[in-house]
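Chemist: Below are the structure tokens for one structure; questions will follow.
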Amino acid sequence: MKFEKIVSVIFMSAVICIFAGFFGLMFNIVNPNSLSLLPKKELKKIETVKPIPHETKKQGQIASERTLPAKKPENKNTAPVQQAQHPVAEVKEIKKSATPEVKPPAVEEKKVVTQEAAVVDDKKIDLEKAKKYFDSGKAVFVDARPEYVYIERHIKGAVSLSASRFNVQYDVIKDKLNKDDFYVIYCSSLTCHLSDMVAANLKERGFNNVKVFAAGWDEWNNAGYPIEGMKVKKGEVTGE
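In terms of the working numbering, the sequence shown opens at residue 3 and continues consecutively.
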């Protein structure tokens, strides 16, 4: 049995080699870049002396220079004559260079202040006014910052209506909010616009007495005004 297997393996290997050689030969014949199977005879190189292109060009130029007659020296006074032939063009060029370019006057663009922008600016208050509203006890302070920030520290007595979860929080406390009351909205600082977003949401729901404390929490806290929260340490101002 082992002998028969060896014979069959040798036979199959021979068949594969024959087919591989046949297909390789056919591919070499069809391929335009095929390898030559027969040795080529060495061809004798016949060196032919060809004229160098740039040397022939130089020779032609030398020959043409010999045949052409010598040029007469140019008269140095021809320039004034040529200028005299076109006096009008010269005058126009002088006038053109003499007259400076007149640029149109710059028109200053006037910024149109829309009624909406004026209302927004009118609704913003500074620290002094915010403190007056706080001392009066008639204003409801609304914290527009995220809830977790409000829980840590906030203006004393403020309620949380974060801009990111306004709808959810509003539905919870809307029954406690009176549309006729006065509201002061604040967030972190002058660069924070969350208070503007909350103020706009309240106006859409019929709250007309809304002001935005632009400087917000940072300025209030730095001024030492009343605050409260989970992370308010002992010694910090609590308003008590």
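Just so it is clear, CB atoms sit at the ideal spot from N, CA and C, and this is done for glycine as well.
Just so we're clear, the structure is a prediction, and the values are computed from it rather than from any experiment.
Please report the straight-line C-alpha distance between Ala2 and Leu179, rounded to a whole angstrom.
Modeler: Missing from the structure shown is residue 2; the chain here goes from 3 to 242 and no further.
Chemist: Between Val32 and the rest of its own chain, which residues show a CB-CB distance below 7 Å, the 5 nearest in sequence each way excluded?
Modeler: Position 30 of the sequence shown, counting from 1, holds the residue named residue 32. Cβ within range, chain order: n/a, list empty.
Chemist: Measuring CB to CB, does Lys181 end up less than 8 Å from Gly208?
Modeler: Taking the first residue of the sequence shown as 1, we reach residue 181 at position 179. Taking the first residue of the sequence shown as 1, we reach residue 208 at position 206. Cβ atoms of Lys181 and Gly208: closer than 8 Å.
Chemist: What are the boundary residues of the beta strand (DSSP E) that includes Lys176?
Modeler: Along the sequence shown, read from residue 1 onward, the residue named residue 176 stands at position 174. First-last for Lys176: undefined, no H or E at that position.
Chemist: Can you find the residues in the same chain that come closer than 6 Å, C-beta to C-beta, to Glu149, ignoring five residues on each side of it along the sequence?
Modeler: Locating residue 149 in the sequence shown gives position 147, where the first residue counts as 1. Contacts found: Ser162, Ser164.
Chemist: So, helix, strand or coil for Val234, using DSSP?
Modeler: Here residue 234 refers to the residue found at position 232 when the sequence shown is read from its first residue. Looking at Val234 - three-state DSSP - the assignment turns out to be coil, as it is neither helix nor strand.
Chemist: If we call anything under 8 Å between Cβ atoms a contact, is Gly218 one with Cys189?
Modeler: Here residue 218 refers to the residue found at position 216 of the sequence shown. Here residue 189 refers to the residue found at position 187 of the sequence shown. For Gly218 and Cys189, yes; Cβs fall inside 8 Å.
Chemist: Just the C-alpha distance for Glu221 and Leu196, rounded to the nearest angstrom, thanks.
Modeler: Locating residue 221 in the sequence shown gives position 219, counting from the first residue. Locating residue 196 in the sequence shown gives position 194, counting from the first residue. Glu221 and Leu196: Cα-Cα distance of roughly 16 Å.
Chemist: Just mark Asp145 as buried or exposed, buried being the case when its beta carbon has 16 or more other beta carbons within 10 Å.
Modeler: Here residue 145 refers to the residue found at position 143 of the sequence shown. Buried.
Chemist: Pick out the complete beta strand (DSSP E) segments inside the stretch 124–178, 3 residues or longer, and give them in chain order.
Modeler: Listed in chain order, the complete beta strand (DSSP E) runs (minimum 3 residues) inside the stretch 124–178 are 141–145.
Chemist: Pull up the distance between the alpha-carbon of Asn169 and that of Ile187, whole angstroms please.
Modeler: Here residue 169 refers to the residue found at position 167 of the sequence shown. Here residue 187 refers to the residue found at position 185 of the sequence shown. If you take the alpha carbons of Asn169 and Ile187, they lie about 16 Å apart.
Chemist: According to DSSP, Val17 sits in a beta bridge with which residue or residues?
Modeler: As a working note, residue 17 is residue 15 in the sequence shown. Val17 is not bridged to any residue.
Chemist: Is it buried or exposed, Leu27, if we count other Cβ atoms within 10 angstroms and call 16 or more buried?
Modeler: If you number the sequence shown from 1, residue 27 lands on position 25. Classification for Leu27: exposed.
Chemist: Is it true that the CB of Ala201 sits closer than 8 Å to the CB of Lys133?
Modeler: Numbered from its first residue, the sequence shown carries residue 133 at position 131. Numbered from its first residue, the sequence shown carries residue 201 at position 199. No, they are not a contact pair.
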